[in-house]
Structure formats: structure tokens, C-alpha cells
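Participant: So the sequence shown is residues 17 to 267, counted in my numbering. A virtual CB, placed ideally from N, CA and C, is assigned to each residue, including glycine. None of these values were measured; they are calculated from a predicted model. Structure incoming, see below.
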Amino acid sequence: MSIYRLPKALWFPPVDEAEDGLLAVGGDLSPERLLLAYRSGIFPWYSRGEPILWWSPDPRAVLFPGEFHCSRSLAKEIRRGGFSVTMDTAFPQVIQSCAKAPRKHEAGTWIVPQMQAAYIQMHELGYAHSIETWREGQLVGGLYGMCLGGMFFGESKFSSTADASKIALAALVAHCPVWGLALIDSQVANPHMLSLGARDITRTEYLCHLARLLEGERPPGKWTVVPGLLENAFGGPATTPEAGTDEEPNP
Numbered sequence: 017m018s019i020y021r022l023p024k025a026l027w028f029p030p031v032d033e034a035e036d037g038l039l040a041v042g043g044d045l046s047p048e049r050l051l052l053a054y055r056s057g058i059f060p061w062y063s064r065g066e067p068i069l070w071w072s073p074d075p076r077a078v079l080f081p082g083e084f085h086c087s088r089s090l091a092k093e094i095r096r097g098g099f100s101v102t103m104d105t106a107f108p109q110v111i112q113s114c115a116k117a118p119r120k121h122e123a124g125t126w127i128v129p130q131m132q133a134a135y136i137q138m139h140e141l142g143y144a145h146s147i148e149t150w151r152e153g154q155l156v157g158g159l160y161g162m163c164l165g166g167m168f169f170g171e172s173k174f175s176s177t178a179d180a181s182k183i184a185l186a187a188l189v190a191h192c193p194v195w196g197l198a199l200i201d202s203q204v205a206n207p208h209m210l211s212l213g214a215r216d217i218t219r220t221e222y223l224c225h226l227a228r229l230l231e232g233e234r235p236p237g238k239w240t241v242v243p244g245l246l247e248n249a250f251g252g253p254a255t256t257p258e259a260g261t262d263e264e265p266n267p
């Protein structure tokens with residue numbers, strides 16, 4: 017197994033070299049390198065004190081929007097209207113809250129300050145987006161990730177009250193048809209995302225979807241909520257089983 021050390025030049029080795037998912041080490045988190053990484057099926061993930069590590073796992077966890085599981089309790093919560101949802105209004109707060117969120121069986125966070133700064137810059141450039149869930153004026157949940165072409169690359173989400181991150185994800189799924197998004201990349205499967213409809217596909221299949229969905233990339237820009245879309249999509253009676261808790265293990 018070879019793990020490549022990246023040069024200063026913008027380059028990544030072929031992803032099929034990542035036998036256990038880890039492809040390369042080093043480089044930087046510049047916008048140019050991050051865009052190249054995502055367009056190549058690669059993402060950064062490392063902990064404090066480690067060098068930048070680049071991954072392309074096989075299998076790859078994805079969520080097709082039409083396979084999202086909206087449980088009865090989540091549909092009821094959406095109908096109640098106790099939460100409000102915004103987009104791209106509090107990106108720094110969302111990524112900082114994701115970094116601080118406790119995870120079972122983990123110490124510390126992979127969303128280190130260097131990562132936060134890099135994705136805040138990508139947000140300012142219009143490539144990274146946040147979906148925020150609010151209750152009584154307080155940010156209680158949300159998610160963030162990258163959007164290129166017809167794909168959303170989910171990075172992390174958090175919830176400080178029940179169902180808050182699920183509502184953010186439901187809002188993303190509800191807007192996917194409007195924005196032409198056909199696939200949500202969840203990177204590595206965990207029980208929480210599997211309970212919401214995510215599943216594993218092979219890296220080869222993932223790369224085929226990626227190549228197709230990156231065709232005709234639209235210019236980056238800010239997201240805004242389409243009023244009533246979430247409620248119309250998921251506010252009715254649900255037909256899926258109850259999903260898991262809001263806890264989201266990191267990849």
C-alpha cells in the first residue's frame with residue numbers, strides 16, 4: 017500500500033491507490049486544492065497534531081434524495097413548526113458548533129481551526145454552504161458541506177436538541193430537486209446516516225456518479241430557503257420507520 021506525500025503543485029494520485037481509504041498526506045487546504053480534491057472524489061480528514069490526510073474510501077456512503085427516511089416523529093415535528101430553517105446565514109457558527117459537538121467514543125475533533133478557516137473561505141467563495149435550524153431565535157442544529165454541480169458533499173452536522181439536525185437534512189433533501197442535486201455524499205457510513213436512508217456504494221460507482229453530476233457546473237453562490245418547500249415535502253404523514261437519534265459519529 018502506497019501513501020503519497022503531496023508536492024506543492026496541485027496534484028492528487030489516482031484514487032484507486034487508496035486501498036484502505038487513505039490516499040495522501042500533506043499539501044494544503046487552499047481553495048484550489050479543495051476543489052480539485054472534491055472533483056476527484058477525495059476529501060481531507062485529520063485530527064489535531066496530524067498532517068493533512070486525504071481520503072477516498074471504498075465503499076462510499078451516499079444518500080440519494082429520494083431514499084431519505086422521514087420518520088413519523090420527524091414529519092410531526094415539521095408540521096408543528098417549532099423550528100425555523102435558514103441557509104447560509106450562520107456558516108461560521110454552524111462549523112464551530114459541529115467542531116464542539118460531543119461524539120461517543122471520540123476525544124477531540126477533526127474540525128480543527130485550520131479546517132474551519134478553510135471551509136469558511138470556501139463559503140465566502142460560494143462553494144460551501146450551511147443549513148441552520150433555529151428555535152426561539154437560538155441556533156440548535158445545522159449542517160455544512162460543499163456543493164459542486166449536481167452533488168452536495170456533506171461534511172458534518174450538529175444538534176443541541178432532538179431532531180434539529182434531521183430537520184436541517186430534511187430541508188436539504190427537499191431543496192435538492194429545485195437545485196438539481198441528485199446525490200448527497202456522506203463519505204463514510206455510520207448508524208445515524210444509515211437510519212436516515214444513506215447506503216454504501218462502491219468507489220467505482222461513486223466516481224461514475226461524480227463524473228456525470230459535475231458536468232455543467234453552475235457558478236457558486238448563496239443559498240436561500242424556498243418558503244414552504246420543507247413542509248410540503250415532509251410535513252405530511254410519514255411511511256418510514258422511526259430513524260435513529262440525532263447523534264452523528266464522525267467518519
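Please classify leucine 22 as buried or exposed, where buried requires at least 16 neighbouring CB atoms within 10 angstroms.
Facilitator: Position 6 of the sequence shown, counting from 1, holds the residue named residue 22. Classification for leucine 22: buried.
Participant: When you compare only the Cα positions, how much space is there between threonine 240 and tryptophan 70?
Facilitator: As a working note, residue 240 is residue 224 in the sequence shown. As a working note, residue 70 is residue 54 in the sequence shown. For the pair threonine 240 and tryptophan 70, the Cα-to-Cα distance works out to about 31 Å.
Participant: Output the boundary residues of the beta strand (DSSP E) element that contains tryptophan 150.
Facilitator: Position 134 of the sequence shown, counted from the first residue, corresponds to residue 150. Run containing tryptophan 150: 144 to 151, per the beta strand (DSSP E) assignment.
Participant: Can you tell me which of Leu185, Arg55 and Ala198 puts its alpha carbon nearest to the alpha carbon of histidine 208?
Facilitator: Counted from its first residue, the sequence shown places residue 208 at position 192. Nearest of Leu185, Arg55 and Ala198 to histidine 208, Cα basis: Leu185.
Participant: Comparing C-alpha positions only, which one of Ala115, Ser63 and Val78 sits nearest to serine 175?
Facilitator: Residue numbering aside, residue 175 sits at position 159 when the sequence shown is read from its first letter. Nearest of Ala115, Ser63 and Val78 to serine 175, Cα basis: Ala115.
Participant: By DSSP's criteria, phenylalanine 174 is part of a beta bridge. Which residues make up the other side?
Facilitator: Looking up residue 174 in the sequence shown gives position 158. In DSSP, phenylalanine 174 forms a bridge with Gly158.
Participant: Assign serine 163 to one of three DSSP states: helix, strand, or coil.
Facilitator: One-based indexing of the sequence shown puts residue 163 at position 147. Residue identity check: residue 163 is cysteine in the sequence provided, not serine. It is a strand residue.
Participant: With a threshold of 8 Å, are at least 3 pairs of Cβ atoms found where one atom belongs to the region 102 to 116 and the other to the region 55 to 67?
Facilitator: no
Participant: Should glycine 158 and phenylalanine 169 be called a contact, given that it needs their Cβ atoms to be closer than 8 Å?
Facilitator: The sequence position of residue 158 within the sequence shown is 142, counting from 1. The sequence position of residue 169 within the sequence shown is 153, counting from 1. No; because the gap between Cβ atoms is not below 8 Å, this pair is not in contact.
Participant: Starting from leucine 4, follow the alpha helix (DSSP H) in both directions and report where the run begins and ends.
Facilitator: A query on residue 4 cannot be resolved here, the shown segment of the chain reaching from 17 to 267 and no further.
Participant: Name the residue from Leu212, Gln203, Arg88 and His139 whose alpha carbon lies nearest to the alpha carbon of phenylalanine 7.
Facilitator: The displayed coordinates of the chain run from 17 to 267. Any statement about residue 7 would go beyond what the structure contains.
Participant: Using the DSSP secondary-structure output, state which residues sit across from isoleucine 217 in a beta bridge.
Facilitator: Residue 217 sits at position 201 when you count from the first residue of the sequence shown. Partner(s): Arg76.
Participant: Residues in the same chain with beta-carbon distance under 6 Å from glycine 237, minus the five sequence neighbours each way, listed in chain order, please.
Facilitator: For the purposes of this step, residue 237 is taken as the residue at position 221 of the sequence shown. The beta carbon of glycine 237 is closer than 6 Å to those of Gly142 in its chain, skipping five residues each way along the sequence.
Participant: Which residue's Cα is closest to the Cα of arginine 219: Glu233, Gln203, Leu230 and Leu229?
Facilitator: Indexing the sequence shown from 1 puts residue 219 at position 203. Nearest option by C-alpha distance: Gln203.
Participant: Methionine 103 bridges to which residues according to DSSP?
Facilitator: Counting from one through the sequence shown, the residue named residue 103 turns up at place 87. The beta-bridge partner set that DSSP reports for methionine 103 consists of Ile147.
Participant: When DSSP labels each residue in this structure, what does tryptophan 195 get in the three-state scheme?
Facilitator: Taking the first residue of the sequence shown as 1, we reach residue 195 at position 179. Of the three classes helix, strand and coil, the one that applies to tryptophan 195 here is helix, per DSSP.
Participant: Spatial neighbours of leucine 26 within its chain, please: CB distance less than 7 Å, with the 5 preceding and 5 following residues excluded, ordered by chain position.
Facilitator: Against the sequence shown, residue 26 aligns to sequence position 10. Excluding positions up to five away in sequence, the list reads Glu48, Arg49 and Leu52.
Participant: Alpha carbon to alpha carbon, how far is arginine 55 from leucine 164? Give it in angstroms, no decimals.
Facilitator: Taking the sequence shown and counting its residues from 1, one reaches residue 164 at position 148. Taking the sequence shown and counting its residues from 1, one reaches residue 55 at position 39. C-alpha separation (whole angstroms): 8 Å.
Participant: Whose CA, out of Thr125, Ala187 and Glu171, lies closest to the CA of glutamate 148?
Facilitator: Along the sequence shown, read from residue 1 onward, the residue named residue 148 stands at position 132. Relative to the Cα of glutamate 148, the nearest Cα in the group Thr125, Ala187 and Glu171 belongs to Ala187.
Participant: Which residues in the same chain have their Cβ closer than 7 Å to the Cβ of alanine 205, if we skip the five residues on either side of it in sequence?
Facilitator: Here residue 205 refers to the residue found at position 189 of the sequence shown. Result list for alanine 205: Ala77, Ala214 and Asp216, in chain order.
Participant: How long is the line joining the alpha carbons of glutamate 264 and serine 172, rounded to whole angstroms?
Facilitator: Against the sequence shown, residue 264 aligns to sequence position 248. Against the sequence shown, residue 172 aligns to sequence position 156. Unreliable positioning characterises glutamate 264 in this predicted model, as indicated by a pLDDT of 47, which lies under 50. The coordinate reading is nonetheless provided below. Answer to the nearest angstrom: the Cα atoms are 8 Å apart.
Participant: Nearest-angstrom Cα distance between proline 118 and valine 194?
Facilitator: For the purposes of this step, residue 118 is identified with residue 102 of the sequence shown, where counting begins at 1. For the purposes of this step, residue 194 is identified with residue 178 of the sequence shown, where counting begins at 1. Approximately 33 Å between the Cα atoms of the pair.
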